[in-house]
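The structure under discussion appears below in the form of structure tokens.
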């Protein structure tokens, strides 16, 4: 016999009360009011910005210098071709950062006395790298390594990739370390009591839980890395920024820089939306008492 067979007839024929219906209608009206208010305020703000720009005496000159449709169309193919190098550098750097930062975080959270010298080096590395500007790291790697004369000629894009990996590994390692430390010790103890080794516990228990907790912070670092791969242009690599710079040098119009900026924005928007969605989902699950 099913549960529905035992359900009283008055529950089966239950109807929503007038009070609940009025509450739902009120919530719908408030929602509609909020949407209309948001649209109106957005339109008013946009109108103020447009009118303010149009009334500025120097706007025609700025518009022609930075937002010229003619130069936009002319420079788009070259800048877009350069963006492909940024994408390749980003993919390789992302893999390198994931591996290197994880190793640093594992060393820093290890209690093994044998690894004490490595823990000190890892702490110094993260402290120094987080304090040095990214462009300085690029100069040190991009011009310092070739200056040693050991490896011969090295492609600037490879040097830029190494610099990005070294710079961002420090930030990501600290995020991962915080995630590892946030996993409750009882999780490790339970895993060890079931016969898992220290390595298995870290790989199967600690890392998966830590990644779920710090995923939004990691995605923010990834979005920031997307932007900073454009700095490899200072080493001579012909990426989107360098291609835009070449176009500007030949036309004396800065619209190609705007083209490069728009391409970087378009590349980052999907990940920004994904990060916002995951952060909202994570918060909702935490508030409802669900598993993170």
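Residue numbers (our numbering): 671 to 962.
For every residue, glycine included, the Cβ atom is placed at its ideal position computed from N, Cα and C.
Keep in mind that this is a model prediction, so the values were computed, not measured.
Relative to the C-alpha of residue i, which residue among the options is closest?
i: residue 739; options: 778, 856, 887, 924; result: 924
i: residue 853; options: 872, 723, 843, 823; result: 872
i: residue 912; options: 903, 944, 919; result: 903
i: residue 779; options: 730, 841, 850, 869; result: 850
i: residue 624; options: 815, 731, 879, 796; result: Examination of residue 624 is not possible in this model, given that the chain is present from 671 through 962 alone.
i: residue 881; options: 957, 842, 781, 715; result: 842
i: residue 747; options: 919, 874, 914, 937; result: 914
i: residue 848; options: 704, 831, 879; result: 879
i: residue 931; options: 745, 721, 784; result: 745
i: residue 831; options: 720, 818, 758; result: 758
Among residues of its own chain, excluding the 5 on either side of residue i, which ones have a beta-carbon nearer than 7 Å to its beta-carbon?
i: residue 678; result: Note that residue 678 scores 49 on pLDDT, short of 50, meaning its location in the model is unreliable; the coordinates nonetheless yield the value given after this. Answer for residue 678: no residue qualifies.
i: residue 742; result: 925, 929
i: residue 737; result: 925, 928
i: residue 824; result: 815, 816
i: residue 937; result: 896
i: residue 756; result: 899, 900, 909, 910
i: residue 706; result: none
i: residue 616; result: With the chain represented from 671 up to 962, any question about residue 616 goes unanswered, as that position is not in the structure.
i: residue 939; result: none
Our contact map puts residue i next to residue j with C-beta atoms below 8 Å; I'd like the distance itself, whole angstroms only.
i: residue 811; j: residue 829; result: 6 Å
i: residue 821; j: residue 893; result: 32 Å between Cβ atoms; not a contact.
i: residue 760; j: residue 933; result: With a Cβ gap of about 13 Å, residue 760 and residue 933 do not count as contacting.
i: residue 826; j: residue 907; result: 4 Å
Would you decide whether residue i is buried or exposed? Buried here means 16 or more other CB atoms lie within 10 Å of its CB.
i: residue 752; result: buried
i: residue 718; result: exposed
i: residue 870; result: exposed
i: residue 685; result: exposed
i: residue 782; result: exposed
i: residue 857; result: exposed
i: residue 917; result: buried
i: residue 808; result: buried
i: residue 674; result: In this prediction, residue 674 scores a pLDDT of 48, lower than 50, which makes its location untrustworthy; the coordinate-derived value is nonetheless stated afterwards. Exposed.
i: residue 692; result: exposed
i: residue 710; result: exposed
i: residue 708; result: exposed
i: residue 704; result: exposed
i: residue 792; result: buried
i: residue 867; result: exposed
i: residue 946; result: exposed
Near residue i, which residues of its chain fall below 8 Å by C-beta distance, leaving aside the five closest residues on each side in sequence?
i: residue 844; result: 775, 796, 800
i: residue 898; result: 804, 834, 837, 838
i: residue 948; result: 885, 886, 889
i: residue 789; result: 777, 778, 780
i: residue 715; result: none
i: residue 712; result: none
Sorted by chain position, which residues of the same chain lie with C-beta nearer than 6 Å to residue i's C-beta, five sequence neighbours on each side aside?
i: residue 723; result: 729
i: residue 671; result: Summary for residue 671: the model assigns pLDDT 45, below 50, so the residue's position carries little reliability, and this model does not support an answer.
i: residue 727; result: none
i: residue 875; result: 857, 861
Looking at chain D, is there any beta carbon in it that lies within less than 8 Å of the beta carbon of residue i?
i: residue 874; result: Absent here is chain D; the protein component of the structure consists of one chain.
Would you call the region 833-843 in contact with the region 760-777, where contact means no fewer than 3 C-beta pairs closer than 8 Å? By the Cβ criterion, the region 833-843 is in contact with the region 760-777, since at least three pairs of Cβ atoms, one from each stretch, lie closer than 8 Å.
Can at least three beta-carbon pairs, one atom from the region 888-905 and one from the region 855-869, be found at a separation below 8 Å? The region 888-905, when compared against the region 855-869, does not touch it at the 8 Å Cβ threshold.
Sufficient close CB pairs (3 or more, under 8 Å) joining the region 884-900 to the region 947-956: Enough Cβ pairs lie closer than 8 Å, so yes.
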